[in-house]
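*Asks:*
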Amino acid sequence: MKKPSFDSLKVGEEIPALITPPVTRHTLALYCGASGDHNPIHVDI
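Numbering (the numbering used here), first residue to last: 6 to 50.
1) In three-state terms, what does DSSP make of Pro9?
2) Roughly how far, in whole angstroms, is the beta-carbon of Thr20 from the beta-carbon of Pro9, given that I think they are within contact range, below 8 Å?
3) Taking 7 Å as the cut-off, decide whether the C-beta atoms of Cys37 and His43 are in contact.
4) By the three-class DSSP mapping on this structure, what secondary structure does Gly38 have?
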């Protein structure tokens with residue numbers, strides 16, 4: 006499905022749901038490595 010551009014949307018028009026994969030320990034580890042943010046308050050799951 007083609008993504009709609011912001012300018013092509015009209016008020017009240019429905020857009021498809023955003024479906025993302027679940028956040029896992031692995032994805033958090035990748036984020037921590039990329040951002041340098043290893044603070045446990047942000048990544049404790």
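Every residue gets a Cβ at the ideal spot worked out from N, C-alpha and C, and that includes glycine. Quick caveat, the model's predicted, so the values are computed rather than measured.
*Replies:* According to the structure data:
1) Along the sequence shown, one-based indexing puts residue 9 at 4. In the structure shown, Pro9 sits in coil (DSSP, three-state: anything other than H, G, I, E or B).
2) Looking up residue 20 in the sequence shown gives position 15. Looking up residue 9 in the sequence shown gives position 4. First, the residue type needs correcting, since residue 20 is Ile and not Thr in the sequence shown. Confirmed, about 6 Å.
3) In the sequence shown, counting from the first residue as 1, residue 37 sits at position 32. In the sequence shown, counting from the first residue as 1, residue 43 sits at position 38. Against a cut-off of 7 Å, the Cβ pair of His43 and Cys37 comes out as a contact.
4) The residue labelled residue 38 in the question sits at position 33 within the sequence shown. Correct three-state label for Gly38: helix.
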